[in-house]
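The numbers in UniProt numbering rise by one with no breaks, and the one at position 49 of the sequence shown is 49. Heads up, the beta-carbon is just placed ideally off N, CA and C, and yes, glycines get one too. Step one of this worksheet: look at the structure below.
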Amino acid sequence: MVSKKKTQGRQKIEIKKIENKNSSQVTFSKRRTGLFKKACELSVLCDVEVATIVFSNNNKAFCFGHPSIENVLHRYLHNSSSSSLLSFSSSSISRVSDASVLEEFNREYMEAVKELEEKKKALNMEDFQHSSQPWWEYINVDFGMELEELVHMKIALEELRKKVLAKVKDRQDHELMIMANNNTNSDGFMATAQLPLNSTM
Numbered sequence: 001m002v003s004k005k006k007t008q009g010r011q012k013i014e015i016k017k018i019e020n021k022n023s024s025q026v027t028f029s030k031r032r033t034g035l036f037k038k039a040c041e042l043s044v045l046c047d048v049e050v051a052t053i054v055f056s057n058n059n060k061a062f063c064f065g066h067p068s069i070e071n072v073l074h075r076y077l078h079n080s081s082s083s084s085l086l087s088f089s090s091s092s093i094s095r096v097s098d099a100s101v102l103e104e105f106n107r108e109y110m111e112a113v114k115e116l117e118e119k120k121k122a123l124n125m126e127d128f129q130h131s132s133q134p135w136w137e138y139i140n141v142d143f144g145m146e147l148e149e150l151v152h153m154k155i156a157l158e159e160l161r162k163k164v165l166a167k168v169k170d171r172q173d174h175e176l177m178i179m180a181n182n183n184t185n186s187d188g189f190m191a192t193a194q195l196p197l198n199s200t201m
């Protein structure tokens with residue numbers, strides 16, 4: 001009988017201050033990136049506005065925000081009644097924010113949004129293929145559509161209507177032609193059947 005090697009399993013990391021300066025900087029960089037990614041995921045999954053600000057030991061600020069750090073802070077300060085918060089202006093955030101980090105995570109956010117929209121379209125198409133409802137029931141014009149998108153949809157639907165009407169007319173003309181040919185053949189057969197036969201007697 002082979003005995004299994006016993007392991008300690010997953011160990012819980014003790015949360016305490018990292019005394020080594022180099023290790024602290026590495027951990028700060030990794031954890032900060034992970035924090036920003038989580039904030040990005042939250043904004044995509046829940047369709048919410050997010051602002052995250054982290055200050056290093058050197059008093060350097062790293063920021064991530066959607067749609068932008070300034071927009072979220074303006075909204076927060078506008079809804080806050082604290083006078084101390086009002087002195088924390090967006091201009092100070094602009095000075096301390098790391099533009100390269102913000103740009104990178106905003107780029108990742110836009111890619112995540114695009115991927116999410118593609119997955120939504122794929123799911124909607126799958127639902128449509130397995131549903132007896134007409135396709136236009138899946139178009140929700142009351143949510144998430146800008147005026148420009150509605151105008152483009154209106155133009156597209158008008159063009160679709162023209163094509164459908166033209167197709168219906170072609171089908172109707174084709175059916176009428178077939179019916180006319182059938183009637184002609186039927187009348188010709190009946191006329192031939194009524195002709196007197198020549199007697200050879």
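- V44 is positioned such that its CB atom lies closer than 8 angstroms to that of L116.
- The Cβ-Cβ distance between V72 and A39 does not fall below 8 angstroms.
- Here the C-alpha atom of A180 lies approximately 10 angstroms from the C-alpha atom of D173.
- Taken through DSSP and simplified to helix, strand or coil, I53 comes out as strand.
- Note: F28 is not bridge-paired with any residue in the DSSP secondary-structure output.
- Here C46 is exposed: its Cβ has fewer than 16 other Cβ atoms, across all protein chains shown, within 10 Å.
- Within a 10 Å sphere around the beta-carbon of I178 sit fewer than 16 other beta-carbons, which makes this residue exposed.
- The continuous alpha helix (DSSP H) containing V72 extends over residues 69-79.
- Of A156, N20, F64, the smallest CA-CA separation from T33 is found for F64.
- Counting other Cβ atoms within 10 Å of its Cβ, I69 reaches 16 or more and is therefore classed as buried.
- For E49 against H66, the beta-carbon gap comes to about 6 angstroms, under 8 angstroms, which counts as contact.
- For the 8 angstroms CB-CB criterion, I15 and S24 do not form a contact.
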